[in-house]
Structures are given as C-alpha cells and as structure tokens.
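Below: one structure, written as structure tokens.
Numbering (the numbering used here), first residue to last: 35 to 340.
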C-alpha cells in the first residue's frame with residue numbers, strides 16, 4: 035500500500051458490514067481504525083451499539099472507542115479536534131487511518147472540515163425547549179425548528195430531541211447548523227457499503243434479536259445502576275431509552291423490541307440522506323454482489339491509483 039497523507043473512510047447504513055470489513059482491511063494494510071460512530075464513544079454501551087468486541091480491538095487498534103462515561107457529553111467539535119489529532123499521529127507513523135462509522139453528522143463534520151461554532155449551552159433555553167417537546171411532542175418541535183430556522187432543520191435527525199434542541203439553540207444565536215467546508219482537497223477517500231433494503235432490514239431484525247438474547251436488558255440495568263436514565267446523553271442511542279422504558283414497567287419487552295426495529299429502519303433512511311448513493315465522492319459497493327475480499331481489493335486498488 036502506498037503511504038500518503040490521505041485517509042480511508044468507510045460509510046454505510048447500520049448492519050451493512052462496516053465493522054467486519056474495516057477490521058479485515060486494517061489487517062490487510064497494517065493500519066488502525068478510527069471510530070466515527072457517536073454511540074461507540076461511550077463506555078459500557080457494548081451490546082446495543084454493536085461495538086467491536088475486545089478481541090477485535092486487540093487484533094486491530096481502534097481509536098475513539100470507550101472514551102467517555104455514559105453520563106458525559108462529547109460534542110461534534112470535540113470529536114473533530116480529537117479525530118484530527120489521531121489522524122495526524124497515524125500519518126506521522128506512515129500508516130493510513132481507516133475511519134469507520136454510521137453517524138453521518140460526525141463523519142461529515144470531520145471529512146468536510148466544518149467550522150463548528152463553540153457556543154456554551156444555554157441551560158435555561160434548553161429547559162424551555164424540552165418542555166415544548168414534552169408537552170407537544172418531537173414532531174411538533176421539528177416543525178417549529180423548520181419554520182423558525184429552516185437551514186438548521188436540513189438533514190437533521192428529526193426524532194432526536196437533543197440534536198433538535200441544539201439546532202434551535204444555534205439558530206437563536208444566528209448560527210447556521212451546517213457550517214462552511216474547509217476540507218483539504220482529496221484528503222479523504224470515501225467508500226460506501228450498501229445492501230438491498232429488504233435484506234438489510236432482515237439483518238437489522240436478526241441483529242436486534244441477537245442483541246437482546248446476548249444480554250442487552252442486563253446491560254441497560256447496569257447503566258441505570260451507574261446513574262443513567264432516559265435523559266442521559268448515552269441513552270439517545272437507539273434502543274437504550276426503549277429498554278429503559280421496559281425496565282421501568284412502562285412497556286413490555288416485545289413492544290420495546292418492535293419500536294427499536296422500527297427506529298433502526300428509520301435510521302437507515304436517515305443515513306442514506308447523509309451519504310447518498312448518487313454522491314460522486316463516494317465509491318459504493320453492494321455487499322450482495324461482492325465478497326469482502328473483492329471489495330477490499332477494489333478499495334486498495336482505487337486508493338493507490340487515486
């Protein structure tokens with residue numbers, strides 16, 4: 035592999051096979067992986083996030099995994115700063131960083147070099163906005179954001195109250211949520227993994243069932259014992275709030291699992307909004323048409339030639 039100051043970026047929807055392929059690629063070219071999935075930053079959120087196993091992380095060095103406590107926050111600006119430092123360190127060692135994750139906003143912010151505003155949170159404003167959501171629902175608040183600050187409503191997860199509130203807060207400070215790009219040309223090579231939608235949804239359902247069978251409920255109980263609740267930042271990850279509701283007796287497990295599957299399918303649609311199949315900067319590979327080895331060979335060849 036030719037070593038240059040570029041990075042490989044693997045994107046794609048949940049359950050498309052990014053983790054396994056990235057580890058295999060990392061071993062092939064002797065390079066580390068940098069996580070760009072916001073859910074994997076949190077310690078002790080292992081089962082429900084599909085986090086690479088300890089064995090996988092011993093096999094291949096992973097950065098930005100298990101770096102914050104479940105009750106803490108890790109902003110996009112903090113992520114971009116930390117990830118940029120890690121990338122520089124890896125390049126200094128004559129290695130090629132492999133960035134992997136399904137969090138579109140975090141990945142885009144890094145790859146496109148967003149100039150992210152660092153304004154302190156307004157707790158009073160956030161409290162009043164949360165009261166609106168509690169009273170009238172997240173759909174109502176999304177429409178309010180779209181009406182009051184339409185630019186800040188673009189490509190946002192309209193079911194994520196925390197991000198909706200932050201977008202509104204930025205709007206109140208006359209800041210557009212989608213900052214201008216300052217990326218160096220060709221500093222990142224993007225490769226996407228996709229799959230037939232029906233096959234992908236089937237894999238998602240199977241994956242969620244396996245997570246529950248592997249002890250996801252017990253994992254959430256331990257997090258509650260550590261002081262987490264439905265308002266914790268870490269519980270904005272799909273599934274944790276739903277299982278919390280089950281543990282609190284508000285729903286039964288079957289209903290919670292059904293909601294998790296539905297929200298995960300909605301996440302897939304949202305991920306394809308961030309990383310469009312028509313995007314000329316992303317070279318897409320259909321996991322149903324090629325084997326992992328074939329895709330890795332194509333990535334290595336394309337990266338070396340471009």
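Where a beta carbon is used, it is the ideal one built from N, C-alpha and C, also for glycine.
DSSP state of residue i mapped onto helix, strand, coil
{"i": "residue 53", "result": "helix"}
{"i": "residue 67", "result": "strand"}
{"i": "residue 98", "result": "coil"}
{"i": "residue 76", "result": "strand"}
{"i": "residue 186", "result": "helix"}
{"i": "residue 179", "result": "helix"}
{"i": "residue 168", "result": "helix"}
{"i": "residue 210", "result": "coil"}
{"i": "residue 338", "result": "helix"}
CB of residue i within 8 Å of CB of residue j, strictly
{"i": "residue 107", "j": "residue 256", "result": "no"}
{"i": "residue 335", "j": "residue 223", "result": "no"}
{"i": "residue 194", "j": "residue 270", "result": "yes"}
{"i": "residue 132", "j": "residue 44", "result": "yes"}
{"i": "residue 228", "j": "residue 56", "result": "no"}
{"i": "residue 251", "j": "residue 47", "result": "no"}
{"i": "residue 316", "j": "residue 42", "result": "no"}
Span separating the alpha-carbon of residue i from that of residue j
{"i": "residue 308", "j": "residue 127", "result": "31 Å"}
{"i": "residue 319", "j": "residue 152", "result": "36 Å"}
{"i": "residue 97", "j": "residue 71", "result": "11 Å"}
{"i": "residue 206", "j": "residue 84", "result": "36 Å"}
{"i": "residue 321", "j": "residue 125", "result": "29 Å"}
{"i": "residue 172", "j": "residue 66", "result": "39 Å"}
{"i": "residue 138", "j": "residue 305", "result": "6 Å"}
Buried or exposed by the 16-neighbour rule on C-beta atoms within 10 Å, applied to residue i
{"i": "residue 189", "result": "exposed"}
{"i": "residue 287", "result": "exposed"}
{"i": "residue 200", "result": "buried"}
{"i": "residue 73", "result": "buried"}
{"i": "residue 245", "result": "buried"}
{"i": "residue 123", "result": "exposed"}
{"i": "residue 253", "result": "buried"}
{"i": "residue 261", "result": "exposed"}
Per DSSP, the bridge partner or partners of residue i
{"i": "residue 41", "result": "222"}
{"i": "residue 134", "result": "44 and 69"}
{"i": "residue 318", "result": "226"}
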